[in-house]
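**Q** Sending over a structure as structure tokens; questions will come in a sec.
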Amino acid sequence: MKKDAAGLVTLLATSGVLHFVAPKPFDTIVPRSLPGSARTWTYVSGIAELAVAAAIAHPRTRKAGGLAAAALFAAVFPANVKMAWDWRHASPVKRAVAFGRLPAQAPLIAWALRVSR
Numbered sequence: 004m005k006k007d008a009a010g011l012v013t014l015l016a017t018s019g020v021l022h023f024v025a026p027k028p029f030d031t032i033v034p035r036s037l038p039g040s041a042r043t044w045t046y047v048s049g050i051a052e053l054a055v056a057a058a059i060a061h062p063r064t065r066k067a068g069g070l071a072a073a074a075l076f077a078a079v080f081p082a083n084v085k086m087a088w089d090w091r092h093a094s095p096v097k098r099a100v101a102f103g104r105l106p107a108q109a110p111l112i113a114w115a116l117r118v119s120r
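First residue of the sequence shown: 4, per the working numbering; consecutive thereafter.
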């Protein structure tokens, strides 16, 4: 597996597993406008990350997996916006983390698109 793809698989698989092992932090950033429980959305996004990681890991589905990863990174952007808003009065370190996640989505999307080629 190419280094770019392997790194993205590792990132997505690790994050996907964390959605199940330690779901509470993910629950807190689920936008309130989504129907149903935050925990359900946490699990659904964890499943999506694991599925996308598996697709990227296999050469025959890597292109589709890379495109799905780019879409997934775009889809979770509202959660990052919510986190930044919720943490706007938090400690400087938490604010840096929350606001730092916003521009980090662009290179993640670019990485996923590069893997899809």
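Here a beta-carbon is modelled for each residue, glycine too, at the ideal position from N, C-alpha and C.
Alpha carbon to alpha carbon, how far is Ile-32 from Met-86?
**A** For this step, residue 32 is matched to residue 29 along the sequence shown. For this step, residue 86 is matched to residue 83 along the sequence shown. Approximately 5 Å, taken between the alpha carbons.
**Q** Alpha carbon to alpha carbon, how far is Gly-68 from Lys-5?
**A** Within the sequence shown, residue 68 is the residue found at index 65, counting from 1. Within the sequence shown, residue 5 is the residue found at index 2, counting from 1. Distance between the alpha carbons of Gly-68 and Lys-5: 14 Å.
**Q** Taking a contact to mean a Cβ-Cβ separation below 8 Å, would you say Ala-73 touches Ala-115 in this structure?
**A** Working through the sequence shown from its first residue, we reach residue 73 at position 70. Working through the sequence shown from its first residue, we reach residue 115 at position 112. In this structure, Ala-115 lies closer than 8 Å to Ala-73 by Cβ.
**Q** Drop a sphere of 10 angstroms on the beta-carbon of Phe-29, count the other beta-carbons inside from all chains shown, and report buried for 16 or more, exposed for fewer.
**A** Taking the sequence shown and counting its residues from 1, one reaches residue 29 at position 26. Buried, by the Cβ-count rule.
**Q** Quick check: what's the CA-CA separation for Ala-60 versus Ala-16?
**A** As a first step, residue 60 must be located in the sequence shown, where it is residue number 57. As a first step, residue 16 must be located in the sequence shown, where it is residue number 13. Cα to Cα, the separation comes out at about 10 Å.
**Q** Drop a sphere of 10 angstroms on the beta-carbon of Ala-113, count the other beta-carbons inside from all chains shown, and report buried for 16 or more, exposed for fewer.
**A** The residue you call residue 113 lines up with position 110 of the sequence shown. Exposed is the call here.
**Q** Using alpha carbons as the reference points, say which of Val-20, Val-84, Glu-52 lies closest to Leu-70.
**A** Position 67 of the sequence shown, counting from 1, holds the residue named residue 70. Measuring from the Cα of Leu-70, the nearest candidate turns out to be Glu-52.
**Q** Less than 8 Å between the beta carbons of Arg-98 and Trp-88, yes or no?
**A** The count along the sequence shown starts at 1 and reaches residue 98 at position 95. The count along the sequence shown starts at 1 and reaches residue 88 at position 85. Cβ distance not < 8 Å, so Arg-98 and Trp-88 don't count as in contact.
**Q** Sorted by chain position, which residues of the same chain lie with C-beta nearer than 6 Å to Ala-41's C-beta, five sequence neighbours on each side aside?
**A** The residue labelled residue 41 in the question sits at position 38 within the sequence shown. Within the same chain, Ala-41 has close Cβ partners Asp-30, Val-33.
**Q** Does the Cβ-Cβ distance between Val-84 and Leu-105 come in under 8 Å?
**A** On the sequence shown, position 81 is the one that residue 84 refers to. On the sequence shown, position 102 is the one that residue 105 refers to. Contact flag set, yes.
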